[in-house]
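Numbering (the numbering used here), first residue to last: 26 to 399. Accompanying notes for the structure given below.
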C-alpha cells in the first residue's frame with residue numbers, strides 16, 4: 026500500500042527495523058502500559074534522532090522527523106506521543122546550543138551515546154495563563170535551585186532518564202518570580218513517581234505523575250528565557266517542533282484507520298481517495314512548516330504558522346476518522362476493538378496545549394499586528 030510509504034521509508038532509514046518490529050505486535054498490546062514499545066525505540070537509537078551529528082546523533086531534519094512521527098503514530102499512537110515529548114525537549118536543547126548557553130552540548134552527547142529519554146514537565150496550559158506558566162517552584166540556594174512541585178500528566182514518567190520542566194524561581198531581589206527551564210536527572214533525590222493516567226487511550230505513553238520535593242538542580246542545568254510578554258525565541262521555536270510533531274503523530278494514527286479502509290477495498294473510489302486527500306493535504310502543510318522552519322528568522326510568524334496548521338490538522342483528523350469508520354462499517358466496529366480505540370486516541374490531539382479556544386484570541390491579535398503571546 027502506498028499510503029505512508031514515504032514515511033515508513035524515512036523511519037526505516039533513520040531507525041532500521043523499528044517499523045517491522047512494531048508491526049509484529051498487535052496494536053492494543055503496544056498501547057498498554059510498559060508494553061515494550063519504548064524499549065524497541067531505544068534499541069534502535071531512537072532518542073538520538075534529533076541530536077545533531079556533531080554530538081553523535083542522527084541529525085534528522087524537521088521534515089524527516091515529521092515523517093517518522095507519522096509512521097510511528099500509525100503503528101502505536103502512545104509511542105508517537107511519548108517520543109514527541111522527548112523530541113520536543115531535545116529540539117529545545119538544540120536551540121539552546123545554537124545560542125551558545127554552554128552545557129547543552131554535553132547533555133545532547135549523552136542522549137545520543139546512552140539513549141537517554143527526556144520527559145517534558147512543562148505546564149499543559151491553563152485558561153488565562155501563559156502556555157508555559159510553571160506548576161513548579163524554585164528557591165535559589167548556593168550553586169543552584171531547589172525545585173518543588175507536581176507534574177501530572179507527565180509523559181515518559183517511568184522510562185525517563187532526564188526531566189525538562191518550567192519552574193518559577195523566587196527572585197531574592199523582589200516579590201516577583203522569574204521563569205526558568207531546568208534539566209533534572211530522573212534519579213535525583215526528592216523525585217517520586219506515581220500512577221495518574223486512568224484512561225486506556227494512550228496508556229502506553231506513561232503519562233503519570235511526577236512529584237518533586239526540594240530537588241536540587243545545579244546552575245549549569247538552569248536556563249532563564251528572555252523576560253517579556255511574548256515568547257522567548259527558544260521557547261517559540263521549541264513549540265514549533267512540538268506542535269508540528271504532535272500533529273504528525275495523531276495524523277499517523279488517523280492514517281491507521283484510513284489504511285484499513287483502503288487495504289480492505291471498502292467503500293467507493295471517492296471514499297478511499299477522499300481519505301487520502303485529507304491526510305496528504307495535512308501532511309503537506311506540516312512538511313511545509315518543517316521545511317521553512319530552519320531559515321525563518323521571525324519566530325513569531327513561524328509559531329503562528331505552525332498553530333494554523335496544527336488546528337487545520339486537528340479538523341482533518343476528525344473528518345478522516347469519522348469517514349473511515351463509517352465506510353469500514355458497523356461489523357468492523359463490532360469485530361475490531363482497535364477501531365474504537367483509534368477513534369478515542371485520535372481525539373486527544375485537541376487536549377494538547379494550546380487548545381483552539383485558548384489560541385484563537387492571541388492568533389487574531391497577532392494577525393492584526395500584535396506580538397504572539399500564548
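Positions of the beta carbon are idealized from the N, C-alpha and C atoms, including for glycine.
DSSP three-state assignment for residue i, whether helix, strand or coil
i	result
residue 231	coil
residue 50	coil
residue 85	coil
residue 215	coil
residue 337	helix
residue 393	coil
residue 224	coil
residue 173	strand
residue 358	helix
residue 344	helix
residue 328	helix
residue 26	coil
residue 178	strand
residue 237	strand
residue 243	strand
Exposure of residue i, with buried meaning 16 or more beta-carbon neighbours within 10 Å
i	result
residue 287	buried
residue 377	buried
residue 152	Residue placement at residue 152 cannot be trusted, given a pLDDT of 43 that sits under 50; the coordinates are not used to answer.
residue 34	exposed
residue 79	exposed
residue 146	buried
residue 190	buried
residue 332	buried
residue 386	exposed
residue 330	buried
residue 365	exposed
residue 392	exposed
residue 120	buried
residue 253	Legend: pLDDT at residue 253 = 49, less than 50; position of this residue unreliable, no value from coordinates given.
residue 281	buried
residue 231	buried
residue 87	buried
residue 99	buried
residue 185	buried
residue 272	buried
residue 204	buried
residue 262	buried
residue 60	buried
Residue i vs residue j beta-carbon contact at 8 Å
i	j	result
residue 118	residue 129	yes
residue 55	residue 104	yes
residue 274	residue 102	yes
residue 36	residue 107	no
residue 133	residue 71	no
residue 250	residue 257	yes
residue 303	residue 345	yes
residue 96	residue 277	yes
residue 176	residue 235	yes
residue 402	residue 65	Since the first and last residues shown for the chain are 26 and 399, residue 402 lies out of range.
residue 195	residue 168	no
residue 389	residue 339	no
residue 296	residue 352	yes
residue 183	residue 233	yes
residue 187	residue 210	yes
residue 443	residue 269	Because the chain spans 26 through 399 in this model, residue 443 falls outside it and cannot be assessed.
residue 115	residue 52	no
residue 265	residue 318	yes
residue 299	residue 348	yes
residue 229	residue 57	yes
Any non-hydrogen atom of the ligand MN within 7 Å of residue i CB
i	result
residue 250	Among the components of this structure there are no ligands whatsoever, and the ligand MN is therefore not found.
Run of the beta strand (DSSP E) containing residue i, from where it starts to where it stops
i	result
residue 109	Residue 109 -> not in any beta strand (DSSP E); alpha helix (DSSP H) instead, spanning 102-123.
residue 294	First-last for residue 294: 294-317, but that is the alpha helix (DSSP H), not the beta strand (DSSP E).
residue 165	161-166
residue 8	Lying outside 26 to 399, the shown extent of the chain, residue 8 is not represented and no answer is given.
residue 77	First-last for residue 77: undefined, no H or E at that position.
residue 202	202-210
residue 193	187-195
Host alpha helix (DSSP H) of residue i (start-end)
i	result
residue 286	258-288
residue 32	30-39
residue 68	62-68
residue 135	129-139
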